[in-house]
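In the working numbering, the protein residues as written are 361 to 769. Each residue gets a CB set at the ideal place from its N, CA and C atoms; glycine is no exception. Computed from a predicted model, the values in this text were never measured in an experiment.
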(Lines of atoms letter the chains of each structure in order from A and count residues from 1; the text may use other names and numbers.)
(Lines give C-alpha, C1' and ligand atoms only; values in the text may rest on other atoms or scores of the structure.)
Protein backbone atom coordinates (compact mmCIF):
# COMPACT_ATOMS: atom_id res chain seq x y z
CA UNK A 1 0.00 0.00 0.00
CA UNK A 2 2.91 2.37 0.66
CA UNK A 3 3.89 2.29 -3.04
CA UNK A 4 0.33 3.26 -4.03
CA UNK A 5 0.34 6.07 -1.49
CA UNK A 6 3.69 7.30 -2.84
CA UNK A 7 2.45 7.19 -6.44
CA UNK A 8 -0.71 9.11 -5.62
CA UNK A 9 1.25 11.69 -3.65
CA UNK A 10 3.74 12.15 -6.48
CA UNK A 11 1.49 11.83 -9.55
CA UNK A 12 -1.91 13.15 -8.52
CA UNK A 13 -1.64 15.04 -5.20
CA UNK A 14 -4.64 17.25 -6.08
CA UNK A 15 -6.99 14.38 -6.93
CA UNK A 16 -7.99 12.79 -10.25
CA UNK A 17 -10.39 13.58 -13.05
CA UNK A 18 -13.69 11.67 -13.21
CA UNK A 19 -15.68 11.03 -16.40
CA UNK A 20 -19.09 9.43 -16.93
CA UNK A 21 -19.61 5.91 -18.21
CA UNK A 22 -21.19 7.17 -21.43
CA UNK A 23 -18.17 9.40 -22.07
CA UNK A 24 -15.67 6.55 -21.65
CA UNK A 25 -17.51 3.57 -23.14
CA UNK A 26 -19.49 2.55 -26.18
CA UNK A 27 -22.47 0.69 -24.73
CA UNK A 28 -24.37 -2.06 -26.54
CA UNK A 29 -27.08 -4.40 -25.35
CA UNK A 30 -26.77 -8.14 -25.61
CA UNK A 31 -29.33 -10.24 -27.46
CA UNK A 32 -30.39 -13.81 -28.18
CA UNK A 33 -30.53 -15.02 -31.80
CA UNK A 34 -33.87 -16.48 -32.86
CA UNK A 35 -34.37 -20.05 -31.69
CA UNK A 36 -36.41 -20.55 -34.87
CA UNK A 37 -33.27 -20.02 -36.96
CA UNK A 38 -31.32 -23.31 -36.76
CA UNK A 39 -28.50 -21.82 -38.82
CA UNK A 40 -27.84 -19.23 -36.09
CA UNK A 41 -27.05 -22.01 -33.62
CA UNK A 42 -25.37 -24.44 -36.01
CA UNK A 43 -22.04 -22.64 -36.23
CA UNK A 44 -19.18 -22.47 -33.78
CA UNK A 45 -17.94 -19.00 -34.68
CA UNK A 46 -18.71 -16.58 -31.86
CA UNK A 47 -18.74 -17.13 -28.05
CA UNK A 48 -22.19 -16.17 -26.71
CA UNK A 49 -22.09 -15.48 -22.97
CA UNK A 50 -24.76 -15.97 -20.33
CA UNK A 51 -24.76 -15.62 -16.55
CA UNK A 52 -23.98 -19.34 -16.30
CA UNK A 53 -20.55 -18.64 -17.81
CA UNK A 54 -19.64 -16.28 -14.95
CA UNK A 55 -20.95 -18.74 -12.37
CA UNK A 56 -19.02 -21.64 -13.90
CA UNK A 57 -15.80 -19.99 -15.09
CA UNK A 58 -15.33 -16.78 -13.11
CA UNK A 59 -15.07 -13.14 -14.08
CA UNK A 60 -12.21 -13.31 -16.61
CA UNK A 61 -13.62 -15.11 -19.65
CA UNK A 62 -12.05 -16.37 -22.85
CA UNK A 63 -14.72 -18.77 -24.12
CA UNK A 64 -18.41 -19.48 -23.62
CA UNK A 65 -20.28 -22.71 -23.10
CA UNK A 66 -22.43 -21.78 -26.12
CA UNK A 67 -21.36 -20.42 -29.50
CA UNK A 68 -23.35 -19.03 -32.40
CA UNK A 69 -22.85 -18.64 -36.14
CA UNK A 70 -21.39 -15.43 -37.53
CA UNK A 71 -24.59 -15.17 -39.60
CA UNK A 72 -26.52 -14.56 -36.36
CA UNK A 73 -24.43 -11.48 -35.46
CA UNK A 74 -26.33 -8.27 -36.14
CA UNK A 75 -24.46 -6.25 -38.74
CA UNK A 76 -21.61 -8.78 -38.42
CA UNK A 77 -20.39 -6.67 -35.48
CA UNK A 78 -19.36 -8.56 -32.35
CA UNK A 79 -18.52 -7.03 -29.00
CA UNK A 80 -14.75 -6.34 -29.01
CA UNK A 81 -12.11 -8.23 -27.06
CA UNK A 82 -11.11 -6.69 -23.73
CA UNK A 83 -14.55 -5.25 -23.08
CA UNK A 84 -16.69 -5.64 -19.98
CA UNK A 85 -20.08 -7.31 -19.63
CA UNK A 86 -22.28 -5.84 -16.89
CA UNK A 87 -25.51 -7.55 -15.80
CA UNK A 88 -28.20 -4.86 -16.08
CA UNK A 89 -31.35 -6.99 -15.76
CA UNK A 90 -32.51 -10.07 -13.86
CA UNK A 91 -29.34 -11.17 -11.96
CA UNK A 92 -27.91 -7.71 -11.21
CA UNK A 93 -24.58 -7.14 -9.45
CA UNK A 94 -22.29 -9.22 -11.68
CA UNK A 95 -19.74 -8.36 -14.36
CA UNK A 96 -16.93 -9.99 -16.32
CA UNK A 97 -13.94 -9.00 -18.43
CA UNK A 98 -14.05 -10.83 -21.77
CA UNK A 99 -10.70 -11.22 -23.52
CA UNK A 100 -12.02 -12.29 -26.97
CA UNK A 101 -14.52 -10.94 -29.53
CA UNK A 102 -17.94 -12.15 -28.42
CA UNK A 103 -21.66 -11.57 -27.91
CA UNK A 104 -23.90 -11.99 -24.86
CA UNK A 105 -27.57 -12.40 -24.11
CA UNK A 106 -29.98 -9.58 -23.35
CA UNK A 107 -29.30 -9.62 -19.60
CA UNK A 108 -25.95 -7.90 -20.23
CA UNK A 109 -24.77 -4.49 -21.36
CA UNK A 110 -21.36 -4.43 -23.04
CA UNK A 111 -18.87 -1.67 -22.19
CA UNK A 112 -16.14 -1.12 -24.80
CA UNK A 113 -13.58 1.67 -24.29
CA UNK A 114 -13.89 4.44 -26.84
CA UNK A 115 -10.84 5.07 -29.01
CA UNK A 116 -10.09 8.44 -27.45
CA UNK A 117 -9.82 6.84 -23.96
CA UNK A 118 -7.88 3.67 -24.84
CA UNK A 119 -4.57 5.23 -23.86
CA UNK A 120 -6.01 6.54 -20.58
CA UNK A 121 -6.98 3.22 -19.00
CA UNK A 122 -5.66 -0.18 -18.01
CA UNK A 123 -8.62 -2.51 -18.69
CA UNK A 124 -7.89 -4.48 -15.52
CA UNK A 125 -8.30 -1.29 -13.47
CA UNK A 126 -11.68 -0.68 -15.11
CA UNK A 127 -12.63 -4.30 -14.47
CA UNK A 128 -11.94 -3.88 -10.75
CA UNK A 129 -13.70 -0.51 -10.61
CA UNK A 130 -16.80 -2.22 -12.01
CA UNK A 131 -17.27 -3.82 -8.58
CA UNK A 132 -18.29 -0.32 -7.49
CA UNK A 133 -20.55 -0.13 -10.53
CA UNK A 134 -22.15 -3.44 -9.45
CA UNK A 135 -22.88 -1.95 -6.02
CA UNK A 136 -24.48 1.10 -7.67
CA UNK A 137 -26.60 -1.14 -9.93
CA UNK A 138 -27.94 -3.12 -6.98
CA UNK A 139 -29.10 0.12 -5.35
CA UNK A 140 -30.62 1.59 -8.51
CA UNK A 141 -33.03 -0.93 -9.97
CA UNK A 142 -36.58 -0.75 -11.26
CA UNK A 143 -38.95 -3.71 -11.04
CA UNK A 144 -41.61 -4.74 -13.53
CA UNK A 145 -41.65 -8.40 -14.59
CA UNK A 146 -38.02 -8.62 -13.46
CA UNK A 147 -35.41 -6.31 -12.00
CA UNK A 148 -33.54 -3.96 -14.32
CA UNK A 149 -31.01 -1.18 -13.80
CA UNK A 150 -31.92 2.49 -14.17
CA UNK A 151 -30.04 2.88 -17.48
CA UNK A 152 -30.27 6.67 -17.50
CA UNK A 153 -28.40 6.81 -14.19
CA UNK A 154 -26.14 3.93 -15.29
CA UNK A 155 -24.74 6.03 -18.13
CA UNK A 156 -24.00 8.88 -15.69
CA UNK A 157 -22.00 6.67 -13.30
CA UNK A 158 -18.52 8.17 -12.89
CA UNK A 159 -15.13 6.49 -13.25
CA UNK A 160 -11.86 8.03 -11.96
CA UNK A 161 -8.91 8.46 -14.34
CA UNK A 162 -5.77 8.17 -12.18
CA UNK A 163 -2.38 8.04 -13.92
CA UNK A 164 -1.72 4.73 -15.71
CA UNK A 165 1.08 3.84 -13.30
CA UNK A 166 -1.37 4.09 -10.42
CA UNK A 167 -3.99 2.01 -12.27
CA UNK A 168 -1.44 -0.69 -13.03
CA UNK A 169 -0.29 -0.89 -9.41
CA UNK A 170 -3.88 -1.08 -8.15
CA UNK A 171 -4.63 -3.87 -10.63
CA UNK A 172 -1.42 -5.72 -9.68
CA UNK A 173 -2.31 -5.73 -5.97
CA UNK A 174 -5.92 -6.80 -6.59
CA UNK A 175 -4.73 -9.52 -8.98
CA UNK A 176 -2.67 -10.94 -6.11
CA UNK A 177 -5.68 -11.00 -3.79
CA UNK A 178 -7.77 -12.65 -6.50
CA UNK A 179 -5.10 -15.29 -7.11
CA UNK A 180 -4.79 -16.07 -3.40
CA UNK A 181 -8.56 -16.51 -3.08
CA UNK A 182 -8.61 -18.76 -6.17
CA UNK A 183 -5.84 -20.92 -4.68
CA UNK A 184 -7.74 -21.30 -1.41
CA UNK A 185 -10.93 -22.21 -3.26
CA UNK A 186 -9.04 -24.78 -5.34
CA UNK A 187 -7.62 -26.29 -2.13
CA UNK A 188 -11.11 -26.39 -0.62
CA UNK A 189 -12.43 -28.16 -3.72
CA UNK A 190 -9.63 -30.72 -3.46
CA UNK A 191 -10.36 -31.29 0.23
CA UNK A 192 -14.07 -31.68 -0.51
CA UNK A 193 -13.29 -34.37 -3.08
CA UNK A 194 -10.98 -36.06 -0.56
CA UNK A 195 -13.74 -35.92 2.06
CA UNK A 196 -16.26 -37.51 -0.34
CA UNK A 197 -13.75 -40.24 -1.20
CA UNK A 198 -13.13 -41.15 2.44
CA UNK A 199 -16.82 -40.93 3.30
CA UNK A 200 -17.71 -43.35 0.50
CA UNK A 201 -14.90 -45.65 1.55
CA UNK A 202 -15.63 -45.59 5.29
CA UNK A 203 -19.39 -46.02 4.81
CA UNK A 204 -19.24 -48.71 2.12
CA UNK A 205 -20.26 -51.96 3.78
CA UNK A 206 -21.52 -53.73 0.66
CA UNK A 207 -18.80 -56.42 0.84
CA UNK A 208 -18.66 -56.72 4.64
CA UNK A 209 -20.09 -60.05 5.75
CA UNK A 210 -20.17 -59.28 9.48
CA UNK A 211 -22.39 -56.16 9.27
CA UNK A 212 -25.92 -56.45 10.57
CA UNK A 213 -28.40 -54.37 8.55
CA UNK A 214 -31.62 -53.23 10.16
CA UNK A 215 -34.52 -51.12 8.94
CA UNK A 216 -33.99 -47.54 10.09
CA UNK A 217 -37.39 -47.53 11.76
CA UNK A 218 -36.22 -50.22 14.19
CA UNK A 219 -33.20 -48.34 15.53
CA UNK A 220 -34.32 -44.70 15.27
CA UNK A 221 -37.52 -42.76 15.87
CA UNK A 222 -38.77 -41.10 12.70
CA UNK A 223 -40.55 -37.91 13.61
CA UNK A 224 -42.27 -35.50 11.22
CA UNK A 225 -42.66 -31.82 12.05
CA UNK A 226 -45.67 -29.75 12.99
CA UNK A 227 -47.73 -26.93 11.58
CA UNK A 228 -46.33 -23.52 12.52
CA UNK A 229 -49.04 -20.81 12.41
CA UNK A 230 -47.90 -17.42 11.09
CA UNK A 231 -49.31 -15.84 14.22
CA UNK A 232 -46.62 -17.60 16.25
CA UNK A 233 -43.72 -16.78 13.91
CA UNK A 234 -41.27 -13.92 14.23
CA UNK A 235 -40.28 -14.33 17.89
CA UNK A 236 -36.52 -13.99 18.41
CA UNK A 237 -36.59 -15.14 22.05
CA UNK A 238 -37.60 -18.40 23.67
CA UNK A 239 -35.83 -21.54 24.81
CA UNK A 240 -36.91 -23.68 21.84
CA UNK A 241 -35.79 -22.96 18.24
CA UNK A 242 -38.57 -23.67 15.72
CA UNK A 243 -36.85 -24.53 12.46
CA UNK A 244 -38.03 -24.12 8.89
CA UNK A 245 -36.19 -25.54 5.85
CA UNK A 246 -34.86 -22.04 5.06
CA UNK A 247 -33.01 -22.02 8.40
CA UNK A 248 -30.68 -24.68 7.01
CA UNK A 249 -29.24 -21.91 4.81
CA UNK A 250 -28.41 -19.56 7.68
CA UNK A 251 -24.76 -18.78 8.25
CA UNK A 252 -23.34 -21.18 10.84
CA UNK A 253 -25.97 -23.85 10.10
CA UNK A 254 -23.98 -25.62 7.38
CA UNK A 255 -23.61 -28.78 9.49
CA UNK A 256 -25.08 -28.23 12.96
CA UNK A 257 -28.20 -26.12 13.54
CA UNK A 258 -27.05 -23.32 15.82
CA UNK A 259 -29.54 -20.52 15.05
CA UNK A 260 -33.15 -20.10 13.93
CA UNK A 261 -35.35 -17.36 12.54
CA UNK A 262 -38.10 -18.26 15.02
CA UNK A 263 -38.23 -19.33 18.67
CA UNK A 264 -41.02 -20.45 21.00
CA UNK A 265 -41.34 -21.04 24.73
CA UNK A 266 -42.47 -24.22 26.45
CA UNK A 267 -46.03 -22.94 26.85
CA UNK A 268 -46.35 -22.25 23.12
CA UNK A 269 -44.87 -25.66 22.31
CA UNK A 270 -47.57 -27.26 24.47
CA UNK A 271 -50.28 -25.09 22.93
CA UNK A 272 -49.17 -26.10 19.39
CA UNK A 273 -48.92 -29.73 20.52
CA UNK A 274 -45.38 -29.95 19.20
CA UNK A 275 -42.93 -32.50 20.53
CA UNK A 276 -39.43 -30.97 20.34
CA UNK A 277 -36.69 -33.35 19.21
CA UNK A 278 -33.52 -33.81 21.29
CA UNK A 279 -29.99 -32.75 20.43
CA UNK A 280 -28.38 -35.25 18.06
CA UNK A 281 -31.45 -35.53 15.81
CA UNK A 282 -30.70 -35.47 12.08
CA UNK A 283 -33.20 -33.36 10.13
CA UNK A 284 -33.85 -32.90 6.40
CA UNK A 285 -36.54 -31.57 4.02
CA UNK A 286 -39.30 -34.09 3.41
CA UNK A 287 -41.52 -32.50 0.74
CA UNK A 288 -41.37 -30.50 -2.50
CA UNK A 289 -38.46 -29.11 -4.49
CA UNK A 290 -36.28 -28.75 -1.37
CA UNK A 291 -35.93 -32.54 -1.33
CA UNK A 292 -33.60 -32.22 -4.30
CA UNK A 293 -31.17 -30.08 -2.27
CA UNK A 294 -30.41 -33.20 -0.19
CA UNK A 295 -29.62 -31.03 2.82
CA UNK A 296 -29.12 -32.82 6.13
CA UNK A 297 -28.38 -31.09 9.41
CA UNK A 298 -27.96 -32.17 13.04
CA UNK A 299 -29.58 -30.50 16.04
CA UNK A 300 -27.31 -29.22 18.82
CA UNK A 301 -30.17 -28.57 21.26
CA UNK A 302 -33.77 -29.50 21.93
CA UNK A 303 -35.69 -28.05 18.96
CA UNK A 304 -38.98 -28.04 17.10
CA UNK A 305 -39.36 -28.00 13.32
CA UNK A 306 -42.21 -27.45 10.91
CA UNK A 307 -44.14 -29.95 8.80
CA UNK A 308 -41.83 -29.59 5.79
CA UNK A 309 -39.07 -31.33 7.80
CA UNK A 310 -38.53 -34.88 9.04
CA UNK A 311 -36.18 -35.90 11.85
CA UNK A 312 -34.34 -39.09 12.79
CA UNK A 313 -33.82 -39.57 16.54
CA UNK A 314 -31.21 -42.29 17.10
CA UNK A 315 -31.58 -44.99 19.74
CA UNK A 316 -28.77 -45.76 22.17
CA UNK A 317 -27.41 -48.26 19.65
CA UNK A 318 -26.54 -45.41 17.27
CA UNK A 319 -23.99 -42.63 17.58
CA UNK A 320 -25.91 -39.49 16.48
CA UNK A 321 -22.97 -38.26 14.39
CA UNK A 322 -22.67 -41.64 12.67
CA UNK A 323 -26.33 -41.44 11.68
CA UNK A 324 -25.77 -37.90 10.38
CA UNK A 325 -22.76 -38.97 8.27
CA UNK A 326 -24.62 -42.03 6.97
CA UNK A 327 -27.53 -39.84 5.88
CA UNK A 328 -25.16 -37.52 3.96
CA UNK A 329 -24.80 -40.19 1.27
CA UNK A 330 -28.51 -40.96 1.05
CA UNK A 331 -30.32 -39.41 -1.94
CA UNK A 332 -33.62 -38.20 -0.50
CA UNK A 333 -35.29 -38.29 -3.92
CA UNK A 334 -34.67 -42.05 -4.07
CA UNK A 335 -36.85 -42.50 -0.98
CA UNK A 336 -39.52 -39.93 -1.90
CA UNK A 337 -42.90 -40.91 -3.24
CA UNK A 338 -43.37 -38.87 -6.42
CA UNK A 339 -46.65 -40.38 -7.59
CA UNK A 340 -48.46 -37.12 -6.81
CA UNK A 341 -47.88 -33.57 -7.97
CA UNK A 342 -45.45 -32.90 -5.13
CA UNK A 343 -42.74 -35.42 -4.13
CA UNK A 344 -42.69 -36.29 -0.44
CA UNK A 345 -41.10 -38.75 1.98
CA UNK A 346 -43.45 -40.93 4.00
CA UNK A 347 -42.42 -42.19 7.42
CA UNK A 348 -43.15 -45.76 6.30
CA UNK A 349 -40.72 -45.46 3.38
CA UNK A 350 -37.98 -43.93 5.52
CA UNK A 351 -38.53 -46.64 8.14
CA UNK A 352 -37.72 -49.36 5.57
CA UNK A 353 -34.36 -47.80 4.61
CA UNK A 354 -31.55 -50.28 5.51
CA UNK A 355 -29.02 -49.07 8.07
CA UNK A 356 -25.65 -50.71 8.95
CA UNK A 357 -25.62 -51.48 12.67
CA UNK A 358 -21.90 -51.35 13.56
CA UNK A 359 -20.60 -51.79 17.11
CA UNK A 360 -20.69 -48.41 18.85
CA UNK A 361 -16.88 -48.20 19.12
CA UNK A 362 -16.56 -48.63 15.33
CA UNK A 363 -19.17 -45.94 14.79
CA UNK A 364 -17.10 -43.58 16.97
CA UNK A 365 -13.97 -44.35 14.93
CA UNK A 366 -15.72 -43.49 11.64
CA UNK A 367 -17.18 -40.33 13.18
CA UNK A 368 -13.80 -39.10 14.44
CA UNK A 369 -12.35 -39.26 10.91
CA UNK A 370 -15.34 -37.78 9.09
CA UNK A 371 -15.89 -35.02 11.65
CA UNK A 372 -12.36 -33.74 11.04
CA UNK A 373 -12.95 -33.59 7.29
CA UNK A 374 -16.43 -32.11 7.77
CA UNK A 375 -15.02 -29.28 9.91
CA UNK A 376 -12.23 -28.61 7.42
CA UNK A 377 -14.53 -28.24 4.39
CA UNK A 378 -17.84 -27.00 5.83
CA UNK A 379 -17.30 -25.07 9.07
CA UNK A 380 -17.33 -21.30 8.52
CA UNK A 381 -15.80 -20.74 11.95
CA UNK A 382 -12.69 -22.84 11.28
CA UNK A 383 -10.83 -24.62 8.51
CA UNK A 384 -10.64 -23.51 4.89
CA UNK A 385 -14.11 -21.87 4.67
CA UNK A 386 -13.17 -19.59 7.56
CA UNK A 387 -9.86 -18.69 5.92
CA UNK A 388 -11.58 -17.96 2.60
CA UNK A 389 -14.16 -15.79 4.35
CA UNK A 390 -11.41 -13.86 6.15
CA UNK A 391 -9.52 -13.34 2.88
CA UNK A 392 -12.68 -12.10 1.16
CA UNK A 393 -13.27 -9.53 3.88
CA UNK A 394 -9.65 -8.40 3.62
CA UNK A 395 -9.94 -8.27 -0.17
CA UNK A 396 -13.17 -6.22 -0.01
CA UNK A 397 -11.54 -3.79 2.42
CA UNK A 398 -8.43 -3.23 0.31
CA UNK A 399 -10.37 -3.14 -2.95
CA UNK A 400 -12.59 -0.38 -1.59
CA UNK A 401 -9.57 1.52 -0.29
CA UNK A 402 -7.52 1.12 -3.48
CA UNK A 403 -10.41 2.24 -5.69
CA UNK A 404 -11.27 5.37 -3.71
CA UNK A 405 -9.86 8.57 -5.21
CA UNK A 406 -10.46 12.24 -4.39
CA UNK A 407 -11.97 14.12 -7.32
CA UNK A 408 -9.87 16.90 -8.79
CA UNK A 409 -11.50 20.28 -8.34
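| Check | Outcome |
| --- | --- |
| Check whether the region 415-427 and the region 553-562 touch, using three or more Cβ-Cβ pairs below 8 angstroms as the test. | no |
| So, are the CB atoms of residue 784 and residue 529 less than 8 angstroms apart? | Summary: the structure shown does not reach residue 784, with the chain confined to residues 361 through 769, and so no result is reported for it. |
| As a quick exercise: from 429, 392, 389, pick the residue whose alpha carbon is nearest that of residue 406. | 429 |
| Which residues in the same chain as residue 712 place their Cβ atom closer than 8 angstroms to its Cβ, once the five residues preceding and following it in sequence are excluded? | 575, 576, 577 |
| Give the secondary structure of residue 385 by DSSP, where H, G and I count as helix, E and B as strand, and everything else as coil. | strand |
| For residue 790 versus residue 477, is the C-beta distance shorter than 8 angstroms? | Only positions 361 to 769 of the chain appear in this structure, which leaves residue 790 out of reach. |
| Give me, in chain order, the residues of the same chain whose beta-carbon lies closer than 8 angstroms to that of residue 571; leave out the 5 immediate sequence neighbours on both sides. | 565, 716, 717, 718 |
| Within the region 413-455, note down every full alpha helix (DSSP H) run reaching 4 residues or more, in order along the chain. | none |
| Whole angstroms are fine: how far does the CA of residue 669 sit from the CA of residue 617? | 13 angstroms |
| State the Cα-Cα distance for the pair residue 631 and residue 764, rounded to the nearest angstrom. | 56 angstroms |
| Let me make sure I understand the geometry here. Which of 589, 626, 606 has the alpha-carbon closest to that of residue 780? | Given that the chain is displayed from residue 361 to residue 769, the structure contains no residue 780 and the question cannot be resolved. |
| If we ignore side chains and look at the alpha-carbon of each, how far apart do residue 403 and residue 394 end up? | 14 angstroms |
| What ranges does the beta strand (DSSP E) occupy inside the region 635-720, keeping only unbroken runs of at least 3 residues that lie completely in it? | 642-645, 657-659, 669-674, 714-717 |
| How many angstroms separate the CA atom of residue 735 from the CA atom of residue 674? | 22 angstroms |
| Report yes or no: do the region 580-600 and the region 717-731 share at least 3 C-beta pairs separated by less than 8 angstroms? | no |
| Leaving aside the five residues before and after residue 636 along the sequence, list all residues of the same chain whose C-beta is less than 8 angstroms from its C-beta, in chain order. | 600, 629, 662, 663, 664 |
| How many angstroms separate the CA atom of residue 448 from the CA atom of residue 521? | 24 angstroms |
| Which one of 615, 701, 660, 666 has the shortest CA to CA distance from residue 648? | 701 |
| Quick check on the DSSP output: the beta strand (DSSP E) that includes residue 378 runs from which residue to which? | 377-380 |
| Give, in chain order, every unbroken run of the alpha helix (DSSP H) that is at least 4 residues long and sits entirely within the region 540-617. | 576-579 |
| With distances taken Cα to Cα, identify the nearest neighbour of residue 666 among 731, 587, 441, 524. | 587 |
| For residue 622, is the classification buried or exposed, using 16 other Cβ atoms within 10 angstroms of its Cβ as the cut-off for buried? | buried |
| How would you write the range of the alpha helix (DSSP H) that residue 491 sits in, first residue to last? | 483-499 |
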